[in-house]
Every structure is written in structure tokens, then in C-alpha cells.
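S.K.:
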Amino acid sequence: MEKKSVPTRGRTLDYAAFVYDFLEPILLLGKQAEYDRQIVSLLGLHKTDRILDLGCGTGVLTRMIADQLDAESGGVSIGIDAAARMIQVARKKREDQTCRFEVAAAEDLPYDDGAFDAVVSSLFFHHLDLDLKAKALGEAWRVLRPQGKLVIADMHTPTTWMGALVSHVSRWFFMQPQIGENIRGVLPALIQNAGFEPPENVCTYFGYITVFLSRKSPKAE
Ligand SMILES: C[S@@+](CC[C@H](N)C(=O)[O-])C[C@H]1O[C@@H](n2cnc3c(N)ncnc32)[C@H](O)[C@@H]1O
Numbered sequence: 001m002e003k004k005s006v007p008t009r010g011r012t013l014d015y016a017a018f019v020y021d022f023l024e025p026i027l028l029l030g031k032q033a034e035y036d037r038q039i040v041s042l043l044g045l046h047k048t049d050r051i052l053d054l055g056c057g058t059g060v061l062t063r064m065i066a067d068q069l070d071a072e073s074g075g076v077s078i079g080i081d082a083a084a085r086m087i088q089v090a091r092k093k094r095e096d097q098t099c100r101f102e103v104a105a106a107e108d109l110p111y112d113d114g115a116f117d118a119v120v121s122s123l124f125f126h127h128l129d130l131d132l133k134a135k136a137l138g139e140a141w142r143v144l145r146p147q148g149k150l151v152i153a154d155m156h157t158p159t160t161w162m163g164a165l166v167s168h169v170s171r172w173f174f175m176q177p178q179i180g181e182n183i184r185g186v187l188p189a190l191i192q193n194a195g196f197e198p199p200e201n202v203c204t205y206f207g208y209i210t211v212f213l214s215r216k217s218p219k220a221e
């Protein structure tokens with residue numbers, strides 16, 4: 001039996017789980033593979049790495065990461081999502097020692113301190129209210145080893161008129177104030193306030209998705 005979705009104020013996508021894989025390539029204008037490869041390349045993976053993918057959806061990125069790891073050497077790619085149906089779809093595609101999926105909320109992770117070498121997320125933080133964004137980043141900090149990498153690709157301040165149009169239409173069409181927060185550019189400060197180094201703005205996709213790279217720095221006592 002599948003575990004139930006976990007309670008969260010995050011916008012979960014149980015209702016979209018069975019169509020998500022048809023919709024996402026359209027939303028990413030046919031560049032999903034290039035976009036995912038860019039995120040994976042920033043991780044600079046070793047086959048022994050332990051990687052956590054927050055808000056993994058149907059697990060496309062989690063699987064691409066797992067392809068470069070080796071369970072016998074300790075490597076594992078774990079995708080978590082609060083929506084049980086997303087996890088159900090992800091598990092049908094692949095689940096083994098190197099690639100695992102769990103139903104869990106990013107703001108309350110069921111993992112030990114320092115358990116991961118890197119935490120990654122794609123198009124997830126615009127599903128969270130401001131306080132949950134901060135909590136999820138705090139949890140990412142906690143489960144990362146010192147100097148562990150954080151890679152976040154998400155909606156941010158638009159850089160083109162087309163990006164601005166897509167962002168603002170999405171914010172109002174989906175009635176999602178959490179997107180409005182991303183458009184206002186809250187992510188870099190939240191990342192830093194959670195105890196990470198100032199994030200590097202690596203690249204932008206479609207004028208509205210920015211890829212951030214940072215590392216866990218020791219929190220000041
Ligand atoms: C737009 S999807 C992104 C999926 C995938 N990362 C991708 O790039 O295709 C956002 C996902 O975040 C999940 N989600 C929302 N709130 C969550 C939370 N608090 N904890 C974990 N996952 C959550 C949703 O269920 C959804 O699957």
C-alpha cells in the first residue's frame with residue numbers, strides 16, 4: 001500500500017500526478033533534458049554521493065542523478081515529495097538501491113543531520129509559503145554535510161519580457177501568491193539566511209527560471 005500524502009501547506013500536485021509527465025516538457029518548451037542536465041552537472045557527482053531531491057514530482061531529475069551513482073559504493077539518489085501519487089508514479093518508473101522515493105514534506109525531513117552530500121530541487125520552492133520556504137531551506141541545511149552543495153532551479157525575478165509575462169500570468173492563473181514571492185526575488189536572501197553561502201546565480205531559463213548554486217557554511221553560533 002502506498003503511504004498517504006503528508007499534511008503540508010505546500011501546494012501539492014496529487015491531482016496532476018498522472019498527467020505531469022506530459023505537461024512538464026511543454027512547460028519547459030522542449031528543453032527539459034538540457035535543463036535537467038545543467039542541474040546535474042552543477043552537482044559534480046561522484047558515484048559515492050548521497051543526493052536528496054526536494055519536491056521531486058515524478059522523479060525525472062532523481063533518476064538522472066541516480067544514473068551517475070553506485071549503490072555498492074554508498075551512492076544513492078533520494079527523491080521526496082509530499083504528494084503520494086507523485087511518488088507512486090515515480091516508483092513505477094524506477095526504484096532500486098541507487099534510486100529511492102519517499103513521501104515526505106521538505107519542511108520536516110525524516111533524515112539525520114549531515115546525511116547528504118548535496119540537496120537539489122527543481123520548480124519546487126514556488127509551491128511553498130514564505131515561512132515554509134525558510135523552513136525547507138533550514139531542513140536542507142540540517143541534512144547536508146559541511147560544505148555540501150545546494151542547487152535550486154526555480155522561478156525568480158524575470159529577466160525578459162516573455163519571462164515576466166509567463167511569471168505574472170502563472171501567478172494569477174494558478175492564484176498562487178507563492179509565485180509572487182519568487183518573482184519579487186526572495187530566494188537568494190532566504191538561502192543565505194538559512195546558513196548557506198551567498199548563492200551564485202548560474203544561469204536563467206526562459207527568462208523566468210534561475211538556477212542557484214550554493215554550499216552549506218557553518219552557522220554562526
Ligand atoms: C512543479 S512540481 C516539480 C516537480 C519536479 N521537481 C520537477 O522539476 O518536475 C512541485 C512538486 O512539489 C511538491 N510539493 C509541494 N509542497 C511540498 C512539500 N511541502 N514538501 C514536498 N513536496 C512538496 C508537489 O507535490 C509537486 O510534486
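Residue 164 in our numbering sits at position 164 of the sequence shown, and the numbers go up by one each step. From the three backbone atoms N, C-alpha and C, an ideal C-beta is built for every residue, glycine too. Computed from a predicted structure; not experimentally measured.
Report whether the distance from the Cβ of Val60 to the nearest heavy atom of ligand 1 is below 7 Å.
M.R.: By one-based count along the sequence shown, residue 60 stands at place 60. True, at least one ligand heavy atom lies under 7 Å from that Cβ.
S.K.: Look at the alpha carbon of Lys216 and the alpha carbon of Lys133, and state the distance between them as a whole number of angstroms.
M.R.: Here residue 216 is taken as the residue at index 216 of the sequence shown, counted from 1. Here residue 133 is taken as the residue at index 133 of the sequence shown, counted from 1. Approximately 16 Å between the Cα atoms of the pair.
S.K.: Given a threshold of 16 other Cβ atoms within 10 Å of its Cβ, counted over all protein chains shown, does Glu107 qualify as buried or as exposed?
M.R.: Stepping through the sequence shown from its first residue, residue 107 is reached at position 107. Under the 10 Å beta carbon count, Glu107 is surrounded by 16 or more other beta carbons and is classified as buried.
S.K.: Taking the CB atoms as reference points, tell me whether Ala33 and Thr58 lie closer together than 8 Å.
M.R.: As a first step, residue 33 is located in the sequence shown; it is residue number 33 there, counting from the start. As a first step, residue 58 is located in the sequence shown; it is residue number 58 there, counting from the start. In this structure, Ala33 sits away from Thr58, with a CB-CB distance that is not shorter than 8 Å.
S.K.: Quick check on DSSP: helix, strand or coil for Gly57?
M.R.: By one-based count along the sequence shown, residue 57 stands at place 57. Coil, per DSSP.
S.K.: Identify whether Ser41 lies in helix, strand or coil by the three-state DSSP scheme.
M.R.: Sequence index remark: in the sequence shown, residue 41 carries index 41 (1-based). Correct three-state label for Ser41: helix.
S.K.: Using 8 Å as the Cβ pair cut-off and three pairs as the minimum, do the region 126-141 and the region 19-33 touch?
M.R.: no
S.K.: Between His156 and ligand 1, is there a pair consisting of the residue's CB and a ligand heavy atom that are separated by less than 7 Å?
M.R.: To locate residue 156, count along the sequence shown from 1; it is residue 156. Flag unset: Cβ of His156 not near ligand 1.
S.K.: Three-state secondary structure (DSSP) at Asp129?
M.R.: Sequence index remark: in the sequence shown, residue 129 carries index 129 (1-based). Asp129: coil per DSSP, three-state reduction.
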